[in-house]
Amino acid sequence: MEKKGCDQYVPQKAQSIPKAAVIDELEKNLQLLPLHVEASRMTLHRFGNTSSSSIWYELAYTEAKGRMRKGNRVWQIAFGSGFKCNSAVWKALRNVKPSANSPWEDCIHKYPVQIAA
């Protein structure tokens with residue numbers, strides 16, 4: 001899937017490599033915008049590397065920011081140990097309102113934060 005077809009990009013990777021480095025490389029090599037990987041960086045900042053559950057925190061971040069509009073697509077991609085990789089593309093069938101049960105509800109107004117390189 002070309003990056004042009006997605007409104008958000010949500011990567012996740014294995015525990016053995018620092019996740020920030022993986023996000024940096026994916027952003028660079030896929031020529032993504034900082035907005036495309038913001039949810040990943042902010043999830044890493046708030047929750048640390050939560051392995052495969054990171055993609056759900058990242059999707060919740062996108063929803064909490066009000067960025068899921070009808071017709072938007074999100075590409076979730078997760079990397080595991082060895083050659084394990086899985087991805088899914090989700091398409092919003094309606095505008096998605098932030099959930100009252102979101103893991104971000106108490107602090108979304110503080111994000112994004114500036115992360116030192």
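For what it's worth, UniProt numbering labels the leading residue of the sequence shown as 1, then goes sequentially. Glycine residues also receive a C-beta, built at the ideal position from the N, C-alpha and C atoms. These numbers were taken from a predicted model, which means no experiment stands behind them.
### Message
Contact between the segment 96-114 and the segment 73-85 is defined here as three or more beta-carbon pairs at a separation below 8 angstroms; is this criterion met?
### Response
no
### Message
Give me the residue from A60, K91, I115 with the minimum Cα distance to A39.
### Response
A60
### Presumed contact (8 angstroms Cβ cut-off) between A88 and N72, rounded CB distance
With 8 angstroms as the limit, A88 and N72 do not qualify as a contact, their Cβ atoms being about 14 angstroms apart.
### Task
Would you list the residues sitting across from A88 in a DSSP beta bridge?
For A88, the pairing in a beta bridge is given by DSSP as Q76.
#### Entry: CA-to-CA distance, K110 to E25, given in whole angstroms
26 angstroms
### Query
With burial defined as no fewer than 16 other Cβ atoms inside 10 Å of the residue's Cβ, what is the status of A100: buried or exposed?
With fewer than 16 neighbouring CB atoms inside 10 Å of its own CB, A100 falls in the exposed class.
### Query
Are E63 and V37 close, meaning C-beta to C-beta below 7 angstroms?
no
### Query
What did DSSP end up calling T50 once you bin it into helix, strand or coil?
If DSSP states are grouped into helix, strand and coil, T50 belongs with coil.
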